[in-house]
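Take a look at the structure set out below.
Protein chains in written order, with this note's numbering: chain A, 1 to 283; chain B, 284 to 544.
As structure tokens, then:
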């Protein structure tokens, strides 16, 4: 089921009300679905020889649409680094470590470059790319990161949520049992605990552009990834998608049907990626 | 109301006095959206949401018939936009052309434009580099150091769907300042152009203000355009009259576009 925040100002308060609405009955992921999904993915996805296959909403939904060759191989760019740096910068601001997204993004970039210089980063990592980047590229990278961080920091009254909210942190990742070169990642920017005792939670995803017809599937795949990656917890209660460029927000109230539908999409995408023209998605 | 302002006072004038900021009418944006959707519904009834009608401040005010912008002007605009981003994120620019070009080279969506810049003969490239440096001098003079507490962000993309996605109002704002509005207007928009200001600048700013009002549910406080060609600035306080005039421009542009097809 999709729900929308009440269209009143301040928007952060309306979104917060929707995000923190208590969970009614915590649902758990069906163990049969977990094992069936693992088995299907191990069977239909490209083999180990094709290298690691990292699936997320973007690769799954774009993999549905057309030949893989159109998607191109991954390279770092200011847009590609936007979310990673922006979320890390927003986290610094929300934790009170830095006064503003601008200062926090600069600090995050400096930290990554220093880590790379110390030999902590692997070749091809964001830090390694930033360390080699000319000044103009760093300016563009920072500009994107600052915009993302500002959107995230302005989205909810974080100080009011206190320790219930976690901005950033690692995305939930599920490595397929029996085929660990295949993994499913949920791209989410923040998490809000609804009931600590029962482990119920809301996930928050910032997305670019405006919501399209696949927005619901995008959010469902995030919910599925999170449920698979955290078998000790119930399903996430809801996944909020926010499109700051369009001023739109929507909440997917997660249930068994949404999870099943997302699992079907993931398997379909893995099948498609097995086709010979599809290796560009493997990054 | 247009305000005459010197370029060096631009950012201060945009933000204005905190105590003088107008209260947000919480029903205004919803009313504007409903009015716009009603007036657009008939003219875009045949448009499929999968292939929406895209309208920007430029196409709304000057029409699609203005023809395409010459590649060199596009290149200059993109390079100067990159410098705006760099000035606000890093605080300074050392080598305008090198910095701006490397920023474009890192952006896969600018591949064609970058290729056309690299294809310039040495004299053409030197002329473009000198122009970009001159535009950057105006930027340095006008933008100065903006406090990070004003939440400056650059090249912000706006994309507002209307009438079930049949129409999309889009814009890229070079500089946005201020937190999202709650009780008073707080957001300021600055558009940077490498061309001279023309008599359509007010109308274009009005449309930009309307798009932001629809996106954020609150009208921006002020909108301005800086010409890096001349250093001229046009700045407007956003009020109901500006927004309703812009709304009529949008409806007219959609009607004309659909009439032409």
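Every residue gets a Cβ at the ideal spot worked out from N, C-alpha and C, and that includes glycine.
Within the DSSP bridge table, the entry for residue 174 (chain A) names A:184 as partners.
In the structure shown, residue 254 (chain A) adopts coil according to DSSP, grouped into three states.
The Cβ neighbour count for residue 97 (chain A), taken over all protein chains shown within 10 Å, is under 16; the residue is labelled exposed. The C-alpha of residue 200 (chain A) is placed about 12 angstroms away from the C-alpha of residue 253 (chain A). Residue pairing by DSSP places residue 166 (chain A) opposite A:191 in a beta bridge.
Closest in alpha carbon position to residue 126 (chain A), among A:17, A:260, A:78, is A:78. Between residue 203 (chain A) and residue 262 (chain A), the C-beta gap is not smaller than 7 angstroms, which leaves the two residues out of contact. For residue 241 (chain A), the enclosing beta strand (DSSP E) covers residues 238-243. Chain A places a beta carbon closer than 7 angstroms to that of residue 372 (chain B), counting this residue as a contact.
Interface annotation for the segment 432-447 of chain B against chain A: 432, 434, 435, 436, 437, 438, 439, 440, 441, 442, 443, 444, criterion Cβ-Cβ distance under 8 angstroms. Residue 312 (chain B) counts as buried, since at least 16 other C-beta atoms from the protein chains shown sit within 10 angstroms of its C-beta.
For the C-beta of residue 462 (chain B), the chain A residues within less than 8 angstroms are, from N- to C-terminus, 154.
Taken through DSSP and simplified to helix, strand or coil, residue 179 (chain A) comes out as strand.
Taking each of A:218, A:181, A:129 in turn and checking the Cα distance to residue 51 (chain A), the smallest one comes out for A:181.
Burial check for residue 99 (chain A): the Cβ neighbour count within 10 Å stays below 16, so the residue is exposed. Below the 7 angstroms Cβ cutoff, chain B contributes no neighbours of residue 204 (chain A), its closest Cβ being approximately 16 angstroms away. Closer than 7 angstroms to the CB of residue 137 (chain A) there is at least one CB belonging to chain B. For the segment 52-119 of chain A, the full-length alpha helix (DSSP H) segments reaching 4 residues or more read 57-65, 78-94, 101-117 along the chain. Excluding the 5 residues flanking it on each side, residue 164 (chain A) has same chain C-beta neighbours closer than 7 angstroms at 192, 193, in chain order.
At a cut-off of 7 angstroms between beta carbons, residue 77 (chain A) contacts chain B.
For the segment 295-321 of chain B, residues whose beta-carbon sits nearer than 7 angstroms to a beta-carbon of chain A comprise 307, 309, 313. For residue 474 (chain B), no alpha helix (DSSP H) segment is defined; the enclosing uninterrupted segment is the beta strand (DSSP E) at 471-476. Bounds of the beta strand (DSSP E) holding residue 443 (chain B) are 436-445. Exposed is the label assigned to residue 197 (chain A), since fewer than 16 other Cβ atoms lie within 10 Å of its Cβ. Remark: C-beta atoms of residue 516 (chain B) and residue 293 (chain B) approach each other more closely than 7 angstroms. Between residue 85 (chain A) and residue 266 (chain A), the beta carbon gap of about 27 angstroms keeps them out of contact (Cβ cut-off 8 angstroms).
Between residue 465 (chain B) and chain A, the shortest Cβ-Cβ separation is below 7 angstroms. Within its own chain, the residues whose Cβ lies closer than 6 angstroms to the Cβ of residue 167 (chain A), once the five positions on either side in sequence are excluded, are 90, 91, 94, 190, listed in chain order. Put simply, the backbone Cα of residue 37 (chain A) is about 15 angstroms away from that of residue 46 (chain A). Within the segment 387-424 of chain B, the runs of alpha helix (DSSP H) that reach at least 4 residues and sit entirely inside it are, in chain order, 394-401. By the neighbour-count definition (other C-beta atoms within 10 Å, threshold 16), residue 454 (chain B) is a buried residue.
Here the alpha carbon of residue 309 (chain B) sits roughly 53 angstroms from the alpha carbon of residue 119 (chain A).
Boundaries of the alpha helix (DSSP H) harbouring residue 294 (chain B): 293-298, taken from the DSSP string.
Inclusion of residue 344 (chain B) and residue 487 (chain B) in the CB contact set at 7 angstroms is warranted, their separation being smaller than that value. In the DSSP assignment, residue 528 (chain B) falls within the alpha helix (DSSP H) that extends over 523-543.
Take the alpha-carbon of residue 88 (chain A) and the one of residue 234 (chain A): they are about 27 angstroms apart.
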